[in-house]
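As structure tokens, the structure follows; a few thoughts come after it.
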Amino acid sequence: MKFFVDTAEIDAIAELNELGMVDGVTTNPSLIKKSGRDIIEVTKEICDLVDGPVSAEVTAVDAETMIAEGRKLVEIAENIAVKVPLTWDGLKACKTLTDDGYMVNVTLCFSANQALLAAKAGASFISPFIGRLDDINLDGMELIEDIRTIYDNYGFDTEILAASIRTVNHVLDSARLGADVITAPPGVIKSLINHPLTDKGLAQFLADIKAADIKIL
Ligand code: E4P
1 MKFFVDTAEI DAIAELNELG MVDGVTTNPS LIKKSGRDII EVTKEICDLV DGPVSAEVTA
61 VDAETMIAEG RKLVEIAENI AVKVPLTWDG LKACKTLTDD GYMVNVTLCF SANQALLAAK
121 AGASFISPFI GRLDDINLDG MELIEDIRTI YDNYGFDTEI LAASIRTVNH VLDSARLGAD
181 VITAPPGVIK SLINHPLTDK GLAQFLADIK AADIKIL
């Protein structure tokens, strides 16, 4: 399973990238706003840092402008995935840009039927938003499961990029259900390591190392 980091914060990406935990990055207008940076500049910096796909989202709502924006974004680097919303205009932009050989991430997916449309439009990635469904008392994981089944039934190669991940259990469940990729904030990825028994076990080993004066170097 691939890990994408859902942020436009360079330091956070660099920290996880050094550990080999970053297979790609996703950004969106809210994350760009939070970074306080110019979208082109910060996206270029991210692309210089990370080898895998870096999603950069269009700002337009009409297909023609989305396509023009997409063509500008892909000039930043070869690993740009143009992110378009799940609207008919977004799907039209997806079809055109993927036909041209570019990666496209179709975002704001909240139903399996939407995911089916995105796959038919040639999307490289579909981004179902788990957390936002959970927020309104629906089941985000059920959506991942349905999309996995549908894509496997028909052999679509669009990758399922589980997005809007808020908890470590979202990561675990996405892995269990066969999502190809998760994109999560750096804090969630870092929390995956936490276990009290690891801390407790290490404390005991350290106490014994001290008591027995065990030395290797
Ligand atoms: C990723 O592509 C999405 O933009 C992101 O995961 C949305 O997460 P949020 O619902 O926590 O804003």
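In terms of full-length UniProt numbering, the sequence shown opens at residue 1 and continues consecutively. Beta carbons: idealized from backbone N, C-alpha and C, even for Gly.
Report task. In angstroms with no decimal places, state the Cα-to-Cα distance between TYR154 and ASN113. Result -> What you label residue 154 is simply residue 154 of the sequence shown in a count that begins at 1. What you label residue 113 is simply residue 113 of the sequence shown in a count that begins at 1. The straight-line gap from Cα to Cα measures roughly 14 Å.
Report task. Evaluate the contact criterion for the region 198 to 217 versus the region 174 to 184: three or more CB pairs, one atom per stretch, below 8 Å. Result -> No: the two stretches stay apart, fewer than three of their Cβ pairs being nearer than 8 Å.
Query raised in the report: Regarding THR107 and the ligand E4P, is the C-beta to nearest heavy atom distance less than 7 Å?
Result: In the sequence shown, the residue the question calls residue 107 occupies position 107. For the ligand E4P, at least one heavy atom lies less than 7 Å from the Cβ of THR107.
Query raised in the report: Hey, would you say the C-beta of ASP6 is under 7 Å away from at least one heavy atom of the ligand E4P?
Result: Your numbering for residue 6 matches position 6 in the sequence shown. Yes, the beta carbon of ASP6 sits closer than 7 Å to at least one heavy atom of the ligand E4P.
Report task. Express the C-alpha separation of LYS200 and TYR102 in angstroms, rounding to a whole number. Result -> Numbered from 1 along the sequence shown, position 102 holds the residue referred to as residue 102. Numbered from 1 along the sequence shown, position 200 holds the residue referred to as residue 200. Taking the straight line from one Cα to the other gives about 49 Å.
**Report entry** Three-pair Cβ contact test at 8 Å for the region 81 to 97 versus the region 55 to 73
**Finding:** The region 81 to 97 is in contact with the region 55 to 73.
Requested in this report: Could you check how far apart the C-beta atoms of LEU97 and VAL106 are, in whole angstroms? I think they sit under 8 Å.
Outcome: Mapped onto the sequence shown, residue 97 falls at position 97. Mapped onto the sequence shown, residue 106 falls at position 106. About 11 Å; that fails the 8 Å criterion.
**Report entry** C-alpha gap between LEU91 and LEU117, whole angstroms
**Finding:** Along the sequence shown, one-based indexing puts residue 91 at 91. Along the sequence shown, one-based indexing puts residue 117 at 117. Taking the straight line from one Cα to the other gives about 8 Å.
Query raised in the report: Exposed or buried, what is ASN28 when buried is set at 16 or more other beta-carbons lying within 10 Å of its beta-carbon?
Result: Taking the sequence shown and counting its residues from 1, one reaches residue 28 at position 28. The residue is buried, with at least 16 neighbouring Cβ atoms inside 10 Å.
Query raised in the report: Beta carbon of ILE147, beta carbon of ILE130: below 8 Å?
Result: By 1-based counting over the sequence shown, the position of residue 147 is 147. By 1-based counting over the sequence shown, the position of residue 130 is 130. No. Outside cutoff.
Query raised in the report: When the Cα atoms are used, what is the spatial distance from GLU145 to ALA212?
Result: Taking the first residue of the sequence shown as position 1, residue 145 is located at position 145. Taking the first residue of the sequence shown as position 1, residue 212 is located at position 212. Their Cα atoms are separated by approximately 52 Å.
Query - Those runs of the alpha helix (DSSP H) which lie wholly inside the region 112 to 138 and span at least 4 residues - result: 112 to 120, 130 to 135
Requested in this report: Let me know if ILE214 comes out buried or exposed under the rule of 16 or more other beta-carbons within 10 Å of its beta-carbon.
Outcome: Here residue 214 refers to the residue found at position 214 when the sequence shown is read from its first residue. Classification of ILE214: exposed, given that the 10 Å Cβ count is below 16.
Query raised in the report: Can you check whether the CB of LYS2 is closer than 8 Å to the CB of ASP173?
Result: In the sequence shown, counting from the first residue as 1, residue 173 sits at position 173. In the sequence shown, counting from the first residue as 1, residue 2 sits at position 2. No, the Cβ-Cβ distance between ASP173 and LYS2 is not below 8 Å.
Query - Inter-residue Cα distance where the pair is ALA63 and VAL22 - result: Your numbering for residue 63 matches position 63 in the sequence shown. Your numbering for residue 22 matches position 22 in the sequence shown. ALA63 and VAL22: Cα-Cα distance of roughly 31 Å.
Query raised in the report: Span of the alpha helix (DSSP H) holding ASN17?
Result: Working through the sequence shown from its first residue, we reach residue 17 at position 17. Start and end: 10 to 18.
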